[in-house]
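Just so we're on the same page, our numbering is the position in the sequence shown counted from 1, plus 2.
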Amino acid sequence: MKVKKYIAPSMPEAMKLIRAELGSDAIILNSKVVQTQGFFGLFRKKNFEVIAAVDPEAPRKQILKPKETERKVPVIDKQMEPQKSVVREPFNKYEAKESREPAPELLKEIQELKAAMKELSSDISPYTGLLQEMNQLLMNQEIDSSIRKEIMSRLLERWYLASEKASFEDIQNWAKECVISKISNVDYGGLTYRKKYINVVGPTGVGKTTTIAKIAADCMLKDKKSIAFITTDTFRIAAIEQLKTYAKILGAPVEVCYSFEDFKKAKQTFKDYDVVFIDTAGRNFRNEKYIDDLNNLIHFSNDMETFLVLSLTSKMKDMKVIYEQFSKITISKFIFTKADETANYGEMVNLIVDTGIGVAYLTNGQNVPDDIVIASPSLIANTTLGVDES
Ligand SMILES: Nc1nc2c(ncn2[C@@H]2O[C@H](COP(=O)(O)OP(=O)(O)OP(=O)(O)O)[C@@H](O)[C@H]2O)c(=O)[nH]1
Ligand SMILES: [Mg+2]
């Protein structure tokens with residue numbers, strides 16, 4: 003890696019010098035404001051000192067080789083000057099006698115060196131101080147590296163525009179704006195009441211039934227809607243009992259559907275209700291027939307809003323796999339649960355950017371109906387960046 007220090011009166015001028023000499027692949031390792039000495043301390047000038055580096059792997063745009071005749075005579079230190087002879091013997095194993103091609107050993111060593119330098123340069127963060135703190139925060143939050151780099155390059159620009167005088171709070175607010183702009187082109191928020199059936203799906207134990215109870219309570223108590231429940235999770239008695247308990251507290255009816263016929267009947271029974279919540283077992287959605295039958299009965303896109311529930315305690319990789327499993331059906335929005343059990347929220351940002359699907363709710367505890375919040379881009383950005391919601 004070639005590393006060089008540049009001093010210029012402004013950051014853009016320093017960048018220009020760097021780009022001209024090291025090319026557009028150069029990275030900034032460090033930058034600071036320095037004062038140049040004037041006469042007796044007068045006329046001191048503010049300058050920018052920037053240390054930049056370039057990876058030798060990157061293809062150079064143009065390398066001008068001096069012609070044989072133009073080759074300059076190297077300046078040799080007097081003490082080092084050879085006494086008599088100008089012609090010397092090859093001095094090590096790498097130097098080939100007749101050929102101008104480097105010896106294979108040398109090539110191999112250069113390649114090894116290049117690989118080692120490349121590895122080293124990938125570990126070097128191009129940010130310093132508060133910017134590096136933000137970079138680390140985004141890394142800790144496990145924000146995808148491409149999203150993180152995009153955010154950081156915007157922050158770097160603003161940092162220079164603010165003459166490097168920003169506080170961490172300023173940087174946090176800029177980062178918040180970046181995250182919001184990245185995730186706000188999708189839908190957010192809870193029930194819209196445009197569709198009667200609310201289908202809540204997701205893997206086992208993520209909090210589907212508890213979340214249904216929280217949403218249903220709000221829907222009934224705050225929005226004064228008539229509500230009913232259907233459960234197709236008939237694999238466990240306890241699952242049915244759990245839903246029945248919540249329904250009883252709310253005074254709402256429940257239909258347990260063991261078959262497609264039962265579902266048809268339930269649809270008829272609840273024809274006059276405003277909202278019908280459907281609780282399902284995760285495994286239902288591994289069954290293609292269940293999906294096809296349900297889609298024939300209640301049109302997924304026309305009559306049903308489907309929320310995919312994902313626990314924030316799962317790994318990003320697993321979340322993506324789960325999303326793929328459920329993507330056979332139209333997912334309206336995500337619900338992220340168990341926000342109280344983790345400190346990593348970047349997965350929400352990654353998934354929204356990756357899938358183009360927004361978020362309905364975040365849940366943050368076991369209390370029904372209190373531990374639930376309606377999602378918005380600002381809530382997700384604040385949660386991820388550790389900014390207080392106020
Ligand atoms: N800490 C915390 N626990 C939660 C949250 N939401 C749900 N839980 C708990 O997670 C456990 C599983 O919740 P359920 O609602 O039964 O999950 P489910 O997805 O319906 O589970 P299955 O029907 O078995 O697939 C329960 O102990 C809930 O109290 C949350 O936001 N935070
Ligand atoms: Mg359940």
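Ideal Cβ placement from N, Cα and C applies to all residues, glycine included.
Asked, Found
"Element boundaries [alpha helix (DSSP H), containing residue 165]", "Premise fails: residue 165 is in no alpha helix (DSSP H) and is neither H nor E."
"Which residues DSSP lists as bridging residue 129, in chain order", "DSSP, once it has assigned bridges, lists no residue as partnering residue 129."
"Beta-carbon proximity of residue 309 to residue 329, cut-off 8 Å", "no"
"Contact test: residue 281 Cβ vs ligand 2 heavy atom, cutoff 7 Å", "yes"
"Beta-carbon gap between residue 29 and residue 54 smaller than 8 Å", "yes"
"Per-residue DSSP class, three states only, for residue 257", "strand"
"Sheet register partners of residue 307 (DSSP bridge)", "200"
"Own chain partners of residue 117 with C-beta closer than 7 Å, once the 5 adjacent residues on each side are dropped", "none"
"Neighbourhood of residue 182 by C-beta distance below 7 Å, restricted to the same chain and skipping five residues each side", "379, 380 and 383"
"Rounded C-alpha distance that separates residue 369 from residue 171", "32 Å"
"Residue of 146, 140, 141 and 135 minimising C-alpha distance to residue 168", "135"
"DSSP-derived helix/strand/coil call for residue 360", "strand"
"Cβ-Cβ distance between residue 385 and residue 345 below 8 Å", "no"
"Buried or exposed (CB count within 10 angstroms, at least 16 for buried), residue 138", "exposed"
"Contacting residues, own chain, Cβ-Cβ under 7 Å from residue 357 (five flanking each side not counted)", "325"
"Any 3 or more C-beta pairs closer than 8 Å across the stretch 264-273 and the stretch 176-191", "no"
"Those residues which DSSP pairs with residue 51 across a bridge", "9 and 34"
"Alpha carbon of residue 141 to alpha carbon of residue 180, nearest angstrom", "15 Å"
"One or two residues paired with residue 313 in a DSSP bridge", "339"
"Cβ-based neighbour list, residue 283, same chain, cut-off 6 Å, excluding 5 preceding and 5 following", "235 and 237"
"Beta-bridge partners of residue 4, as assigned by DSSP", "56"
"Any non-hydrogen atom of ligand 2 closer than 7 Å to residue 244 Cβ", "yes"
"From 222, 258, 114 and 306, residue whose alpha carbon lies closest to that of residue 251", "222"
"Closest residue to residue 5 among 48, 313, 52 and 212 (Cα-Cα distance)", "52"
"Any non-hydrogen atom of ligand 4 within 7 Å of residue 327 CB", "Ligands displayed in this structure: ligand 1 and ligand 2; ligand 4 is not among them."
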